[in-house]
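If you're matching positions, the sequence shown starts at 17 in this note's numbering and goes up one per residue.
Each residue gets a CB set at the ideal place from its N, CA and C atoms; glycine is no exception.
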Amino acid sequence: SFPTRRSSDLADLGGERVDHMRSTRTIHIVVASPGDVAAEREILDTVINAAARLTRYADLTLQLDRWEDVAPGFDSRGVQARIEDHLQIVQCDVVIGVFWKRFGELDASGQSRTQREIEAALKQRESGEATPEVMVYFCTKPSTPDSAEEAEEHARVLRFKKHLQNRNVITSDYGEPNDFKFNVLVD
Numbered sequence: 017s018f019p020t021r022r023s024s025d026l027a028d029l030g031g032e033r034v035d036h037m038r039s040t041r042t043i044h045i046v047v048a049s050p051g052d053v054a055a056e057r058e059i060l061d062t063v064i065n066a067a068a069r070l071t072r073y074a075d076l077t078l079q080l081d082r083w084e085d086v087a088p089g090f091d092s093r094g095v096q097a098r099i100e101d102h103l104q105i106v107q108c109d110v111v112i113g114v115f116w117k118r119f120g121e122l123d124a125s126g127q128s129r130t131q132r133e134i135e136a137a138l139k140q141r142e143s144g145e146a147t148p149e150v151m152v153y154f155c156t157k158p159s160t161p162d163s164a165e166e167a168e169e170h171a172r173v174l175r176f177k178k179h180l181q182n183r184n185v186i187t188s189d190y191g192e193p194n195d196f197k198f199n200v201l202v203d
């Protein structure tokens with residue numbers, strides 16, 4: 017279960033508790049993905065928004081953050097630092113990674129930005145924290161690479177998948193974006 021983040025003002029009036037402000041719990045969800053799974057990111061946005069409409073009656077809010085939600089601007093540490101400041105991966109409750117053919121743009125250390133975000137979440141979990149939960153989805157839709165570089169990038173995706181499975185991370189395959197929608201709803 018997710019940790020509870022509550023804001024409430026309860027008073028005890030003669031043995032009777034009165035809730036002056038509704039108590040809410042927010043589940044902060046971050047999607048980490050390269051640019052070739054835009055349809056899946058939009059599906060995730062739709063699924064989370066639909067779930068949020070249902071859960072608001074249970075005093076539960078869902079907050080989805082994606083790299084494309086980051087406002088343009090300058091950060092002397094680079095674009096990824098600006099994205100990471102916005103996403104707050106180590107404070108979030110759930111990280112959902114999505115991959116197909118692209119591994120993502122590599123940084124100076126040789127990691128893709130998406131890999132870096134997922135690894136930050138895993139590091140937080142491995143430090144003993146209960147969150148974030150990490151789930152990573154892989155599209156298995158066939159594709160033919162147009163170049164050796166594209167083939168190598170897809171090979172990086174497959175190696176990363178194996179790396180995650182060796183670390184007992186929840187991974188799931190899907191064939192088409194609608195399959196992804198079903199997997200996210202079930203998981």
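The beta carbon of Q79 sits closer than 8 angstroms to those of T42, I43, H44, I45, all from its chain and outside the five residues before and after it, given in chain order. Here G191 has C155, T156, K157 as same chain residues with Cβ atoms under 8 angstroms from its own Cβ, once five neighbours each way along the sequence are excluded.
Taking Q140 as the centre and dropping the five residues before and after it, the same chain places the C-beta of I105, V106, T147, P148 closer than 8 angstroms to its C-beta, in chain order. Cβ contact annotation for H170 (same chain, cutoff 6 angstroms, sequence separation greater than five): K117, in chain order.
In this structure S128 is buried. Its beta-carbon is surrounded by 16 or more other beta-carbon atoms within 10 angstroms. Nearest C-alpha to P50 among R132, F90, V63: R132. The C-beta distance from V114 to R57 rounds to 7 angstroms, short enough to meet the 8 angstroms contact threshold. In terms of Cα proximity to G120, the closest of V53, R72, A67 is V53. Separation of I134 and A167 (C-alpha to C-alpha, rounded to the nearest whole angstrom) is 22 angstroms. One thing to note: K197 has its Cβ no nearer than 8 angstroms to the Cβ of V111. F115 is bridged by DSSP to F154.
Scanning its chain for C-beta atoms nearer than 6 angstroms, with the 5 sequence neighbours on each side dropped, one finds around L180 the residues V152, T187, in chain order. For V47, the enclosing beta strand (DSSP E) covers residues 41–48.
Assigned with DSSP and collapsed to three states, E149 falls in strand. If you look at T62, you'll find it in the alpha helix (DSSP H) that goes 54–71. Each residue's CA atom was taken as its position, placing D189 and V200 some 11 angstroms apart.
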